[in-house]
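Trainee: Heads up: the protein sequence lines correspond to chains A and B, in order. If you're matching positions, the first sequence starts at 34 in our numbering and goes up one per residue. If you're matching positions, the second sequence starts at 34 in our numbering and goes up one per residue.
There are 2 protein chains.
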Amino acid sequence: MVKYEAIAKEIRSRITDGIYKVESLIPDQVTLSEEFKVSRMTIKKALDILAMEGLIYRQRGSGTFVMKNSPLNEKNAAVNEYDGLTKQMQGHKLESKIIKFTVEFPSEEMMEHLMIEKSMPVYNLIRLRILDGKPYVLEHTYMPTDLATGLTEEIIEGSIYKYLHDELNIKFSGAYRKIRADKASKYDQEYLICDVHDPILEVEQIVYLKDGRPFEHSRSRHRYDTRSFTFIDMNQKF
Amino acid sequence: MVKYEAIAKEIRSRITDGIYKVESLIPDQVTLSEEFKVSRMTIKKALDILAMEGLIYRQRGSGTFVMKNSPLNEKNAAVNEYDGLTKQMQGHKLESKIIKFTVEFPSEEMMEHLMIEKSMPVYNLIRLRILDGKPYVLEHTYMPTDLATGLTEEIIEGSIYKYLHDELNIKFSGAYRKIRADKASKYDQEYLICDVHDPILEVEQIVYLKDGRPFEHSRSRHRYDTRSFTFIDMNQKF
DNA sequence: AAGTGGTCTAGACCACACC
DNA sequence: GTGTGGTCTAGACCACTTA
């Protein structure tokens with residue numbers, strides 16, 4: 034681990050352990066650089082991380098404070114979802130029911146989303162994810178066959194992302210997401226076991242590889258009463 | 034403007050103008066530092082910004098590429114909302130209809146969200162925002178009276194955030210948000226002019242001041258067919 | 001005036017990819 | 001080996017707050 038990450042980790046635990054108390058000043062950057070025997074730039078980089086996490090707040094001329102933080106101390110499962118549900122839901126029983134698993138040529142829309150030619154086949158996958166025995170989310174996923182090669186029913190019954198990571202050594206750079214509310218389709222009603230008039234929370238997602246190629250397009254449809262998305266925006270310019 | 038911001042801006046326009054073409058290498062950091070006559074650290078800081086925006090991707094040993102970007106070139110009104118709707122919706126006609134504007138003692142829930150005592154009065158404000166003549170969002174807002182002092186009907190008919198910024202010189206550090214789908218309440222139906230069975234997209238938001246104090250709690254309820262939230266997560270660790 | 005955090009420099013070394 | 005980006009340094013200057 035690099036120095037600034039290690040220092041950020043140490044200071045973070047001092048905050049959560051109460052050594053640096055809420056709403057009080059922490060030592061200034063020069064003092065910290067002497068304590069950790071690093072340059073001030075390195076200390077600043079460590080503090081940048083904590084500021085992005087919303088743990089501290091810095092004011093030119095005054096110093097660095099520990100933030101009052103109501104939502105931050107909670108385990109905030111922020112909207113970082115492209116590492117898959119399996120990883121997020123550790124400690125829960127997560128099952129997958131495969132509803133559809135085919136290979137087909139892409140639609141116009143999918144050609145655009147995945148930036149592929151008509152001739153590149155895509156996996157078309159519909160999975161119902163069941164959390165602790167209850168229907169949780171219905172996922173409609175498209176992946177180009179040249180990037181997610183060798184998918185089998187066995188793999189997609191478990192964790193696709195584990196397979197991609199461990200077997201194909203695929204790395205992601207990030208994702209584009211769109212969240213909206215929608216009416217329940219017949220599909221939603223059947224598999225999520227919800228009423229015609231129950232709202233659905235849909236997350237449309239395009240995941241990108243490190244080189245910028247789109248790797249997956251999916252629409253995840255959630256029951257309105259089992260899922261919400263929380264996140265934190267800190268340190269934006271005003 | 035500081036150097037690295039100016040350089041980021043220049044490189045950003047070279048990308049959007051097609052001078053640096055998609056999927057191709059851009060000049061290396063040393064070359065750029067010579068061109069802009071700055072140190073390499075400053076170039077790196079400029080590139081950090083563009084990487085966070087998802088415009089470029091850097092690979093150790095290889096260089097810096099322009100990302101293939103479908104959603105990124107679009108005007109992505111990301112989820113940075115605490116600077117108010119007025120600022121975001123420039124070019125559109127935005128009206129506000131005040132439905133409720135009172136001062137009251139906080140509920141247990143609001144005491145917790147805003148981290149205030151029972152004795153600190155809060156503004157309770159309900160506004161319907163009307164975009165280009167159509168009902169757009171119904172906002173339920175609570176603000177402590179000691180932080181948002183001097184609110185009047187006149188102010189809240191326009192831009193509250195402009196008042197806070199220009200008159201009270203208040204600065205924000207960020208916000209906590211939760212997005213969910215919900216059924217339409219009687220209120221929603223009446224003011225957003227929607228059907229009993231239309232889903233609602235609700236954004237719950239707590240905005241924080243620079244010193245970490247909670248400044249506003251709001252629930253913004255949107256028609257499901259007029260609003261979605263898009264955002265980009267880039268450069269996460271995997 | 002003193003002390004704080006923010007920026008910037010010039011240079012060094014390292015990790016990694018490619019040849 | 002060469003070239004790339006990532007980290008780190010020691011020091012400088014600036015912007016800002018507080019006294």
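No residue lacks a Cβ here, since even glycine has one placed at the ideal position from N, Cα and C. From a predicted model like this one, the values you see are computed outputs, not experimental measurements.
#1: Ile212/A versus chain B: which residues are under 7 Å apart at the beta carbon?
#2: Return no unless some Cβ of chain A is closer than 8 Å to the Cβ of Ile226/B.
#3: Would you call the region 190-198 of chain A in contact with the region 208-222 of chain A, where contact means no fewer than 3 C-beta pairs closer than 8 Å?
#4: Can you tell me whether Ala87/B is buried or exposed, with buried defined as 16 or more other CB within 10 angstroms of its CB?
#5: Please work out which residues of its chain come closer than 6 Å, Cβ to Cβ, to Tyr37/A, disregarding the five sequence neighbours upstream and downstream, and give them in chain order.
#6: If you reduce the DSSP assignment to three classes, tell me which class Val55/A lands in.
#7: From Phe248/A to Arg210/A, what distance separates their C-alpha atoms?
#8: Counting only runs that start and end within the region 116-186 of chain B, where is the alpha helix (DSSP H) found for 4 or more residues in a row?
#9: Counting along the chain, where does the alpha helix (DSSP H) carrying Leu197/B start and finish?
#10: Which residue from Gly166/A, Ala181/A and Arg160/A puts its Cα closest to that of Arg252/A?
#11: Under three-state DSSP, which class holds Ser253/A?
#12: Within a Cβ cutoff of 6 Å, which residues of the same chain sit near Arg254/A, ignoring the five residues on either side of it in sequence?
#13: Counting only Cβ pairs nearer than 9 Å, list the residues of chain B close to Lys216/A.
#14: Candidates Ala181/B, Ile265/B and Leu201/B: which alpha carbon is nearest Gly245/A's?
#15: According to DSSP, Leu242/A sits in a beta bridge with which residue or residues?
#16: Exposed or buried, which one is Gly207/B when buried takes at least 16 other CB atoms within 10 Å?
#17: Does Met176/A have its Cβ less than 8 Å from a Cβ in chain B?
#18: Determine, using beta carbons only, whether Pro154/A and Thr182/A come nearer to each other than 8 Å.
#19: Look at Ser261/A and Ile239/B and say whether their C-beta atoms are less than 8 Å apart.
#20: Report the neighbours of Ala208/A on chain B: residues whose CB is nearer than 7 Å to its CB, in chain order.
#21: Could you tell me if Glu114/A is buried or exposed, where buried requires 16 or more neighbouring beta carbons within 10 angstroms of its beta carbon?
#22: Say whether chain B places a C-beta atom closer than 8 Å to the C-beta of Phe98/A.
#23: Is the Cβ of Tyr273/B closer than 8 Å to any Cβ of chain A?
#24: How about Ile82/A and Ala41/A: are their beta carbons less than 8 Å apart?
#25: Just the Cα atoms here: how many angstroms apart are Ile149/A and Gly51/B?
#26: Which of the three DSSP states is assigned to Asp231/B in this structure?
#27: Compile a chain-ordered list of the residues in the region 68-79 of chain A whose CB is closer than 9 Å to at least one CB of chain B.
#28: Rounded to the nearest angstrom, what separates Glu43/A and Arg91/B at their Cα positions?
#29: Give the DSSP-derived three-state secondary structure of Phe69/A in the structure shown.
#30: List, in order along the chain, the chain A residues whose C-beta lies closer than 9 Å to that of Gly183/B?
#31: Kindly indicate which residue of Leu58/B, Ile203/B, Leu225/B and Glu237/B has the alpha-carbon position closest to the one of Val99/B.
#32: Is Lys219/B helix, strand or coil by DSSP?
Mentor: The relevant details are as follows:
#1: Ordered by position in chain B, the residues that pass the 7 Å Cβ test against Ile212/A are Ile212, Ser261 and Phe262.
#2: Taking 8 Å as the threshold, the shortest C-beta distance from Ile226/B to chain A does not fall below it.
#3: No contact exists between the region 190-198 of chain A and the region 208-222 of chain A.
#4: Looking at the sequence itself, residue 87/B is Gly, so the reference to Ala does not match. Per the 10 Å Cβ criterion, buried.
#5: These residues qualify, in order along the chain: Thr75, Lys78 and Ala79.
#6: It is coil, neither helix nor strand.
#7: One C-alpha to the other measures close to 14 Å.
#8: The region 116-186 of chain B contains these whole alpha helix (DSSP H) runs: 118-121 and 141-147.
#9: For Leu197/B, the enclosing alpha helix (DSSP H) has its first and last residue at Ile193 to Asp199.
#10: Ranked by Cα distance from Arg252/A, the first of Gly166/A, Ala181/A and Arg160/A is Arg160/A.
#11: It is a strand residue.
#12: Closer than 6 Å at the Cβ level, and outside the excluded window around Arg254/A, lie Leu171, Asp221, Ile233 and Glu235.
#13: Residues of chain B with a Cβ closer than 9 Å to the Cβ of Lys216/A are, in chain order, His230, Asp231, Pro232 and Tyr257.
#14: Among Ala181/B, Ile265/B and Leu201/B, the Cα nearest to that of Gly245/A is on Ile265/B.
#15: Beta-bridge partners assigned by DSSP to Leu242/A: Phe205/A.
#16: The residue is buried, with at least 16 neighbouring Cβ atoms inside 10 Å.
#17: Under the Cβ distance rule, Met176/A does not count among the residues neighbouring chain B, no pair being separated by less than 8 Å.
#18: No, they are not a contact pair.
#19: No Cβ-Cβ contact shorter than 8 Å links Ser261/A with Ile239/B.
#20: Per Cβ cutoff of 7 Å: Asp266.
#21: Because the pLDDT of Glu114/A is 49, which lies under 50, any placement of that residue in the model is unreliable, and the question is left without a value.
#22: Between Phe98/A and chain B, the shortest Cβ-Cβ separation is below 8 Å.
#23: No answer is possible for residue 273/B: it lies beyond the span of chain B, which begins at 34 and ends at 271.
#24: For the pair Ile82/A and Ala41/A, the CB atoms are nearer than the 8 Å cut-off.
#25: C-alpha separation (whole angstroms): 21 Å.
#26: When secondary structure is reduced to three states using DSSP, Asp231/B falls in the coil class, being assigned neither helix nor strand.
#27: Here the close residues are Met74.
#28: Rounded to the nearest whole angstrom, the C-alpha separation of Glu43/A and Arg91/B is 28 Å.
#29: DSSP places Phe69/A in coil when its eight states are reduced to three.
#30: Simply none; closest approach about 20 Å.
#31: For the residues Leu58/B, Ile203/B, Leu225/B and Glu237/B, the minimum Cα distance to Val99/B belongs to Leu58/B.
#32: Helix, per DSSP.
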